[in-house]
Ligand SMILES: Cc1cc2nc3c(=O)[nH]c(=O)nc-3n(C[C@H](O)[C@H](O)[C@H](O)COP(=O)(O)OP(=O)(O)OC[C@H]3O[C@@H](n4cnc5c(N)ncnc54)[C@H](O)[C@@H]3O)c2cc1C
Ligand SMILES: *[C@@H]1O[C@H](CO)[C@@H](O)[C@H](O)[C@H]1NC(C)=O
Ligand SMILES: *[C@@H]1O[C@H](CO)[C@@H](O)[C@H](O)[C@H]1NC(C)=O
Ligand SMILES: *[C@@H]1O[C@H](CO)[C@@H](O)[C@H](O)[C@H]1NC(C)=O
Ligand SMILES: *[C@@H]1O[C@H](CO)[C@@H](O)[C@H](O)[C@H]1NC(C)=O
Ligand SMILES: *[C@@H]1O[C@H](CO)[C@@H](O)[C@H](O)[C@H]1NC(C)=O
């Protein structure tokens, strides 16, 4: 070997081998960043000053550990980022606005994260009243655009900074969903860039749209999505609180069942939202209609609750405009161009849904309330509530979308929140054990069901696939094998 050849050989060896000898992750990071830089896509790695900001996640319990974060500005940049990930054999996570309670926007350690922050374009089609939003759009500015410019609304979640793609892919639940459906129901199409850079528009009737409606993070980068919009439900709202007073869990469970009966008997209007608090047993929500209609809808409920607790106390506030109600629902960030800020906590969320066919029994309701009551640690505090679902889900079948939510009646959610942003090492086991008796009695009626956005990140594949997708899971697996055959988008906890 001539000296110059030897030199070249060493240089190649150093480039290709030396970093892997030092550390697997940093070698991938260098390869990825070199590739992204030559494709003119801005990216950062762990040694960059902005890394803490670039990997900021709402969920503090799980520390994001990607190899690199890419910041594409154009579709071509996204294609380049996908190409770099494929060539380096790393998986891709798409980051919307970072609110996932399970840290799914960053996914497993070692991913290339594609941050969609630059994709916030909005457009509205007058002929169809459909709204198209970019893959990095968040709730506040988008809802405000549709409201201010077109006097219309689309159902969204209760957080102004939350990402629209993420919250819609996860089902989504907000205060107008009983009458207008959930965000995923209202998706009309999703513009995906697949693993190989091909762009497809998943439209009505397509397998891919069906799959996106509950499992959308599995198939590609959503460059944009299109949703139905609606006339404002009512220009104003009644914000109310319905307290049952200081009662034990026997009375509180009976109160919950009285509310359930009111809903099952068809007395709860679709235009009302109701959230029952597990900490003080008060219900609160918004009614989108005239005060007199609210009063007459609530009258039979108040009557039946009075027989359980004479201290029942219904209070209401009239909100003069729909937009002020939106701000009351989703926060002052609704009026900010950025939608507000990320925030965060160290937490574990668990959730369960029930259906009209299998409403809560008294035993089940009491097990949930009693479970919550046993939370007694200083290093973990609880928050918990049960949203009344019902409404138009009565017209939805489990097989209509990937996320099985036909005929849902309740959405129960409990969070353990680590004090001071710190999560104790035994916290997951503790929180799961506290609600085990409830789960055990719940599954005597029907197989357990859950909600994608609030799924317990610690469930096994068998558990989450049946709770979220039920019989739809087999079809989802087929679609996944066609659309993402190399599992490029499988680096996260709900990978199909
Ligand atoms: C303060 C707060 C309030 C909330 N309120 C509600 C509520 O009222 N109702 C409710 O249902 N949920 C609620 N959520 C949950 C929230 O809807 C979900 O966590 C949602 O997934 C967050 O989306 P994101 O883009 O902000 O998060 P991210 O962590 O960025 O993304 C979440 C998931 O979506 C994927 N994703 C995001 N954008 C894209 C894209 N462009 N292409 C492909 N995949 C993408 C990510 O890969 C990830 O799997 C709330 C969360 C928070 C933190
Ligand atoms: C991190 O973000 C904050 C606020 O979003 C900003 O003030 C700060 O300059 C950022 N830091 C770096 C190093 O980019
Ligand atoms: C990936 O590798 C192929 C084959 O070597 C190459 O043609 C392509 O340009 C690479 N992609 C990127 C984004 O660098
Ligand atoms: C009813 O609730 C309101 C608002 O929470 C409170 O101000 C009022 O004191 C309560 N009334 C009774 C009788 O408990
Ligand atoms: C907390 O609850 C657990 C189980 O519910 C119980 O065993 C324990 O004694 C309680 N601890 C305190 C300090 O009350
Ligand atoms: C990209 O992948 C999709 C899905 O597997 C396939 O249909 C399409 O033909 C591929 N595009 C190219 C350019 O190979």
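In mature numbering (1 follows the signal peptide of the UniProt record, and there is no 0), the protein residues as written are -24 to -1, 1 to 472.
All C-beta atoms, glycine included, are put in the ideal place defined by N, C-alpha and C.
Computed from a prediction, not measured in an experiment: that's the story for all the values here.
Can you tell me the Cα-Cα spacing of residue i and residue j, whole angstroms?
i	j	result
residue 194	residue 338	38 Å
residue 110	residue 294	34 Å
residue 31	residue 82	8 Å
residue 469	residue 433	7 Å
residue 39	residue 86	12 Å
residue -4	residue 5	Here residue -4 scores only 39 on pLDDT, less than 50, and its place in the model is too uncertain to base an answer on.
residue 318	residue 381	28 Å
residue 220	residue 141	37 Å
residue 16	residue 49	10 Å
residue 334	residue 409	24 Å
residue 119	residue 3	43 Å
residue 430	residue 327	6 Å
residue 441	residue 453	11 Å
residue 413	residue 421	14 Å
residue 61	residue 165	26 Å
residue 151	residue 312	20 Å
residue 121	residue 405	43 Å
residue 472	residue 455	10 Å
residue 505	residue 285	Shown here, the chain extends from -24 to 472; a query on residue 505 therefore has no answer.
residue 267	residue 274	11 Å
residue 260	residue 347	21 Å
residue 461	residue 369	33 Å
residue 255	residue 349	8 Å
residue 133	residue 210	18 Å
residue 201	residue 135	19 Å
residue 206	residue 178	22 Å
residue 463	residue 277	51 Å
residue 291	residue 436	43 Å
residue 272	residue 288	17 Å
residue 309	residue 424	35 Å
residue 97	residue 108	8 Å
Inspect the beta-carbon positions of residue i and residue j and report whether they are closer than 9 Å.
i	j	result
residue 246	residue 367	yes
residue 231	residue 281	yes
residue 176	residue 184	yes
residue 384	residue 417	no
residue 374	residue 450	no
residue 188	residue 168	yes
residue 42	residue 88	yes
residue 465	residue 444	no
residue 147	residue 361	no
residue 403	residue 344	no
residue 8	residue 55	no
residue 18	residue 47	yes
residue 321	residue 95	no
residue 203	residue 126	no
residue 227	residue 364	no
residue 298	residue 123	yes
residue 116	residue 316	yes
residue 252	residue 244	no
residue 154	residue 114	no
residue 213	residue 149	no
residue 171	residue 250	no
residue 79	residue 143	no
residue 336	residue 233	yes
residue 191	residue 262	no
- [ ] Assess, as a yes-or-no matter, whether the segment 355 to 366 is touched by the segment 65 to 81 under the definition of 3 or more beta carbon pairs within less than 8 Å.
- [x] no
Task: Any alpha helix (DSSP H) of 4 or more consecutive residues that is wholly inside the segment 180 to 265 - done: 183 to 191 and 225 to 240
- [ ] Mind listing, in chain order, the continuous beta strand (DSSP E) runs of no fewer than 3 residues lying wholly within the segment 276 to 310?
- [x] 289 to 295
Task: Any heavy atom of ligand 3 within less than 6 Å of residue CB: hits in chain order - done: 11, 15, 56, 59, 60 and 63
Task: Residue list, Cβ distance to ligand 4 heavy atoms smaller than 5 Å - done: 289 and 291
Open item on the list: Report the start-end ranges of each alpha helix (DSSP H) in the segment 333 to 360 that is 4 residues or longer and not cut off at the edges.
Closed with: 338 to 349
Open item on the list: Report the start-end ranges of each beta strand (DSSP E) in the segment 103 to 185 that is 3 residues or longer and not cut off at the edges.
Closed with: 106 to 110, 163 to 169 and 175 to 178
TODO: Report yes or no: do the segment 157 to 167 and the segment 90 to 97 share at least 3 C-beta pairs separated by less than 8 Å?
DONE: no
Task: Touch test, the segment 301 to 313 against the segment 391 to 398, Cβ-Cβ under 8 Å, three pairs minimum - done: no
Open item on the list: Please give me, in chain order, every unbroken run of the alpha helix (DSSP H) with length at least 4 that falls completely inside the segment 6 to 93.
Closed with: 27 to 30 and 51 to 63
Open item on the list: List, from N- to C-terminal side, the beta strand (DSSP E) runs of 3 residues or more that fit wholly inside the segment 351 to 426.
Closed with: 356 to 364 and 384 to 394
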